[in-house]
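Colleague: Protein chains in written order, with the numbering used here: chain L, 5 to 210; chain F, 373 to 568. From the three backbone atoms N, C-alpha and C, an ideal C-beta is built for every residue, glycine too. I have a structure here, written as structure tokens, and I will follow up with some questions on it.
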Amino acid sequence: MIAHDGGTGPGTAGMQVMLVDESSKRAVFLEHALLDAGYRVVCCAGAGGDLSAQVREHQPDVIIIDTESPDRDTLEHLCCISRDQPRPVVIFTHDEDSAKIRAAMQAGVSAYVVRGLASERIKPVIDVAIARFREYQILKRDLEKANANLTERKLIERAKGIVMRQRGCTEDEAYRALRKLAMDRGKRLLDVAQVIVAAEELLTQV
Amino acid sequence: MMRLRILLVTERHERALQIERALAAARHRVVATIGPDDDLLFYAQSARPDAVIAELAAPSPDFLEQLRRLDEQLPCAVVVFAARSDSQATRAAIKAGVSSYVVDGFQAARIASVLEAAFARFAELQSLRNQRDEALAKLAERRMIERAKGILMQRRNLSDHAAHAALRKMALENGKRLGEISHNVVTVERLLVSQK
Numbered sequence: 005m006i007a008h009d010g011g012t013g014p015g016t017a018g019m020q021v022m023l024v025d026e027s028s029k030r031a032v033f034l035e036h037a038l039l040d041a042g043y044r045v046v047c048c049a050g051a052g053g054d055l056s057a058q059v060r061e062h063q064p065d066v067i068i069i070d071t072e073s074p075d076r077d078t079l080e081h082l083c084c085i086s087r088d089q090p091r092p093v094v095i096f097t098h099d100e101d102s103a104k105i106r107a108a109m110q111a112g113v114s115a116y117v118v119r120g121l122a123s124e125r126i127k128p129v130i131d132v133a134i135a136r137f138r139e140y141q142i143l144k145r146d147l148e149k150a151n152a153n154l155t156e157r158k159l160i161e162r163a164k165g166i167v168m169r170q171r172g173c174t175e176d177e178a179y180r181a182l183r184k185l186a187m188d189r190g191k192r193l194l195d196v197a198q199v200i201v202a203a204e205e206l207l208t209q210v
Numbered sequence: 373m374m375r376l377r378i379l380l381v382t383e384r385h386e387r388a389l390q391i392e393r394a395l396a397a398a399r400h401r402v403v404a405t406i407g408p409d410d411d412l413l414f415y416a417q418s419a420r421p422d423a424v425i426a427e428l429a430a431p432s433p434d435f436l437e438q439l440r441r442l443d444e445q446l447p448c449a450v451v452v453f454a455a456r457s458d459s460q461a462t463r464a465a466i467k468a469g470v471s472s473y474v475v476d477g478f479q480a481a482r483i484a485s486v487l488e489a490a491f492a493r494f495a496e497l498q499s500l501r502n503q504r505d506e507a508l509a510k511l512a513e514r515r516m517i518e519r520a521k522g523i524l525m526q527r528r529n530l531s532d533h534a535a536h537a538a539l540r541k542m543a544l545e546n547g548k549r550l551g552e553i554s555h556n557v558v559t560v561e562r563l564l565v566s567q568k
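Following this line, the structure appears as structure tokens:
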């Protein structure tokens with residue numbers, strides 16, 4: 005382990021934080037604590053704004069929400085953010101209702117901290133949120149990749165079947181014909197398969 | 373929230389009692405208490421907990437390795453309270469499948485809500501993992517079917533369609549899935565080819 009690591013993870017310095025707080029008094033406290041811990045606060049928003057738009061505008065590395073209880077609007081915004089522009093999200097709150105906690109997890113919240121806001125603990129909480137966010141993104145990407153592979157394979161199989169039927173050729177020949185077409189056109193096999201399947205659909209519909 | 377069975381990991385007797393009381397107040401039950409050097413997986417296998425709660429000074433590499441093995445073989449929600457931790461240990465703990473990692477924030481009163489968040493996050497993560505594993509299994513099955521078809525086409529000089537039909541028929545007759553039958557075909561082919 006590197007000796008100078010000392011709790012300050014790589015990239016913490018100058019990491020950009022978007023702060024959302026319904027109380028301006030607490031916002032001031034949090035902003036100071038964040039600055040002391042070496043973060044940069046790029047946006048300090050009140051409650052009820054358009055979170056998605058604010059994230060798009062300020063492009064923060066982390067989003068921190070301090071609220072008595074995260075409302076439906078906030079969770080909906082977080083769902084959209086998690087889908088379209090995912091970021092680590094930390095919620096400091098007083099609401100320990102099970103349904104609320106589950107909803108927050110489903111909305112992609114990386115850390116949900118009930119009554120645990122103390123300035124010296126902010127950095128460890130953000131560290132955990134970022135680490136978890138990364139793991140989650142890796143898993144999500146793996147899933148997307150597997151699904152895309154599956155779709156791709158199905159599509160190529162269908163295109164192959166169409167070529168075999170139309171030309172009365174073997175599977176191998178059909179596959180080679182597809183590959184050649186892709187190569188000649190400078191396209192991916194998948195794109196060629198897509199066109200063939202689409203063309204077949206169009207023609208058989210008539 | 374449902375009542376959970378908890379496996380507790382701590383070195384300190386008085387802490388164990390404190391945690392146990394706080395959990396009992398939230399109607400959860402500690403089914404076993406062990407130390408950080410004990411064989412976590414072994415005790416988890418016999419106690420079958422819904423969640424593991426560990427309260428430590430700092431998680432050692434050995435303990436993180438134990439958590440990783442637990443996550444691999446008997447995944448469940450894991451809460452770690454560490455008196456101290458650096459970013460590196462934090463990342464390692466999250467990688468090892470820890471659902472809630474609380475640094476320097478142990479308070480008996482907060483334990484139930486931390487556990488709740490851990491449990492919800494674990495469920496979320498597990499569902500994503502299941503989806504991924506399902507997609508990967510389907511993909512592997514498709515590849516296997518393709519390979520088996522290729523073998524039949526070559527050996528019996530069948531068309532793609534006929535090879536597929538032959539596999540399906542065999543699967544149906546043997547009450548097996550297409551993927552299983554394909555796997556058998558590929559295995560037998562490997563056996564025959566390697567014996568030549």
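Between A423(F) and F453(F), which are expected to be in contact by the criterion C-beta below 8 Å, what is the C-beta distance as a whole number of angstroms?
Modeller: Not a contact, Cβ separation roughly 13 Å.
Colleague: Bridge partners of S472(F), per DSSP?
Modeller: Its beta-bridge partners are V451(F).
Colleague: Which residues in the same chain have their Cβ closer than 7 Å to the Cβ of V486(F), if we skip the five residues on either side of it in sequence?
Modeller: Once the five neighbours on either side are set aside, the close Cβ partners of V486(F) are V451, S472 and V474.
Colleague: The region 33–54 of chain L: which residues have C-beta closer than 9 Å to a C-beta of chain F, in chain order?
Modeller: Residues: none.
Colleague: When DSSP labels each residue in this structure, what does M22(L) get in the three-state scheme?
Modeller: Note: M22(L) maps to strand in three-state DSSP.
Colleague: Below 7 Å between beta carbons: does that hold for I105(L) and A507(F)?
Modeller: Contact: no.
Colleague: From Q209(L) to A203(L), what distance separates their C-alpha atoms?
Modeller: When rounded, the distance between both Cα atoms is 10 Å.
Colleague: When we look at the beta-carbon of T97(L) and count the other beta-carbons within 10 Å, is it buried (16 or more) or exposed?
Modeller: It counts as buried.
Colleague: Please report the residue range of the alpha helix (DSSP H) in which Y43(L) lies.
Modeller: Careful: Y43(L) lies outside any alpha helix (DSSP H) and carries neither H nor E.
Colleague: Kindly say whether I517(F), judged by its beta-carbon, lies nearer than 7 Å to any beta-carbon of chain L.
Modeller: So, not an interface residue.
Colleague: Would you list, in sequence order, the uninterrupted alpha helix (DSSP H) runs of no fewer than 4 residues that lie entirely inside the region 473–535 of chain F?
Modeller: The qualifying runs are 483–527.
Colleague: Give the C-beta separation of P90(L) and A133(L) to the nearest angstrom, bearing in mind that I take them to be a contact with Cβ-Cβ under 8 Å.
Modeller: With a Cβ gap of about 12 Å, P90(L) and A133(L) do not count as contacting.
Colleague: What residues in the region 103–124 of chain L bring their beta carbon closer than 7 Å to a beta carbon of chain F?
Modeller: Result list: I105, R106, M109, Q110, Y116, V118, R119 and G120.
Colleague: Going by DSSP, what residue range makes up the alpha helix (DSSP H) through L185(L)?
Modeller: From DSSP, the alpha helix (DSSP H) with L185(L) extends over E175 to R189.
Colleague: Going straight from the alpha carbon of L389(F) to that of A49(L), what length do you get?
Modeller: In a straight line, the C-alpha of L389(F) is about 43 Å away from that of A49(L).
Colleague: Buried or exposed: which applies to I142(L), given that a residue is buried once 16 or more other Cβ atoms fall within 10 Å of its Cβ?
Modeller: It is exposed - the Cβ of I142(L) has fewer than 16 other Cβ atoms within 10 Å.
Colleague: Verify the CB distance criterion: does K568(F) have a CB-CB separation below 7 Å to chain L?
Modeller: For K568(F), the predicted model reports a pLDDT of 49, less than 50, meaning its position is unreliable; a value from the coordinates is still stated below. Cβ-Cβ to chain L under 7 Å: no for K568(F).
Colleague: Assuming contact is defined by CB atoms lying nearer than 7 Å, are A468(F) and L439(F) in contact in what I supplied?
Modeller: It is a contact, given that the beta carbons lie within the stated cut-off.
Colleague: How is the beta strand (DSSP E) around V118(L) delimited, first residue to last?
Modeller: A115 to V118 is the span of the beta strand (DSSP E), which, as asked, contains V118(L).
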